[in-house]
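Undergrad: Sharing a structure, written as structure tokens. Questions coming.
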Amino acid sequence: MAFKKKEIEALKNRWDEDYVAQLNKVLWKKDWRNRQDANVNFHNSPFGEISSKRDFRGLDLKCFSYQNLHNIDLSCSTITSITRSVLKDVRLDYTDIKSGISSILIDCSFEYANLHKIGLNNDGEPIQNTSFYKANLNKLVGRDLVFINCNFNSANLKRVDLRYCRFENCTFIGTQFFMSTLIHCSFIGEAPQIEQLDNSSIEKMVINGEPFDISKVNRNETKELIELAKDIISGV
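Residue 4 is where the sequence shown starts when you use my numbering, and the numbers rise one by one after that.
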């Protein structure tokens with residue numbers, strides 16, 4: 004679902020300040036018992052449901068951890084970080100993640116989300132069936148991550164630093180990898196096209212069990228400088 008700027012602002016402005024403050028206070032407690040049962044702190048939304056999900060869109064959440072979220076819509080929210088949590092069938096489209104995610108992600112959606120410069124950790128479990136369509140993952144940092152059946156189509160992965168990661172049956176149509184680091188990464192099934200990997204560090208990269216021939220990648224320094232200048236001007 005596409006959102007206009009005014010629609011996002013309306014979702015943010017609908018929340019009662021005291022309600023949000025109390026919710027953040029509870030989420031800050033870091034109680035590991037909250038991870039045992041689903042939606043301990045997200046039982047019912049004041050705004051009911053949207054597309055069969057509890058409607059928590061537009062929240063301003065600080066750091067929260069040890070949550071077990073299932074069938075929740077947090078689209079258009081601002082979240083500082085998500086740690087030690089389990090997110091299953093959670094929609095986070097158009098969210099702005101400020102710091103990082105260190106949680107289990109299954110059947111989630113980060114379409115059009117801003118994950119610029121964050122650290123990503125899958126809490127020891129594969130990130131499964133999750134969409135990053137048109138998400139801003141610029142300068143994302145992660146290591147030893149496993150992605151299964153994930154959608155990276157049209158996503159911005161410029162300057163990401165992903166090392167020793169594995170991508171199984173993921174899609175990369177229109178994905179931007181300019182000046183990215185994908186050292187020791189492996190791809191099973193689909194993989195980025197050669198032209199998508201221009202000016203990226205891809206040493207020891209493996210595609211479907213075969214070492215990738217790094218000599219095939221064009222390292223055009225002029226193109227690199229032009230693209231770098233564009234990014235600096237646009238502020239990304």
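Glycine residues also receive a C-beta, built at the ideal position from the N, C-alpha and C atoms.
Bear in mind the structure is a predicted one, so any value in this text is a computation, not a measurement.
From which residue to which residue does the beta strand (DSSP E) around residue 151 run?
TA: Here the beta strand (DSSP E) through residue 151 covers 149-151.
Undergrad: With respect to the beta strand (DSSP E) encompassing residue 75, which residues constitute its N-terminal and C-terminal limits?
TA: 71-76
Undergrad: For residue 195, which residues in the same chain have their Cβ closer than 8 Å to its Cβ, ignoring the five residues on either side in sequence?
TA: 175, 178, 180
Undergrad: For residue 85, which of helix, strand or coil comes out of DSSP?
TA: strand
Undergrad: Who are residue 164's beta bridge partners in DSSP?
TA: 144, 184
Undergrad: For residue 22, name the three-state secondary structure that DSSP assigns.
TA: helix
Undergrad: For residue 232, which residues from the same chain have a beta carbon less than 6 Å from its beta carbon, with the 5 sequence-adjacent residues on both sides left out?
TA: For residue 232, the pLDDT reaches just 48, beneath the cut-off of 50, and the residue's location in the model is therefore unreliable, leaving the point undetermined.
Undergrad: Does DSSP put residue 137 in a helix, in a strand, or in coil?
TA: coil
Undergrad: Please report how far the alpha carbon of residue 192 lies from the alpha carbon of residue 117, in whole angstroms.
TA: 27 Å
Undergrad: Would you mind stating whether residue 80 and residue 94 have Cβ atoms separated by less than 8 Å?
TA: no
Undergrad: Based on Cα-Cα distance, which residue from 65, 138, 84 lies nearest to residue 1?
TA: Because the chain in this structure spans residues 4 to 239, residue 1 falls outside the shown range and cannot be described.
Undergrad: Compare the beta carbon distance of residue 121 and residue 153 with 8 Å and say whether it is the shorter of the two.
TA: no
Undergrad: Taking residue 25 as the reference, which of 76, 170, 65, 202 has the closest Cα?
TA: 65
Undergrad: Suppose you measure from the CA of residue 148 to the CA of residue 204; what does that come to, to the nearest Å?
TA: Linking residue 148 to residue 204 through their CA atoms gives a straight-line distance of about 17 Å.
Undergrad: Using DSSP with H/G/I as helix, E/B as strand and the rest coil, what is residue 17?
TA: coil
Undergrad: Any idea which residues DSSP pairs residue 68 with across the strands?
TA: 86
Undergrad: Give the straight-line distance between the Cα atoms of residue 86 and residue 104, rounded to the nearest whole angstrom.
TA: 6 Å
Undergrad: Looking at the strands, I want to know which residues DSSP matches up with residue 170.
TA: 150, 190
Undergrad: With DSSP run on the structure shown, which of helix, strand or coil describes residue 156?
TA: Residue state, collapsed to three classes: coil.
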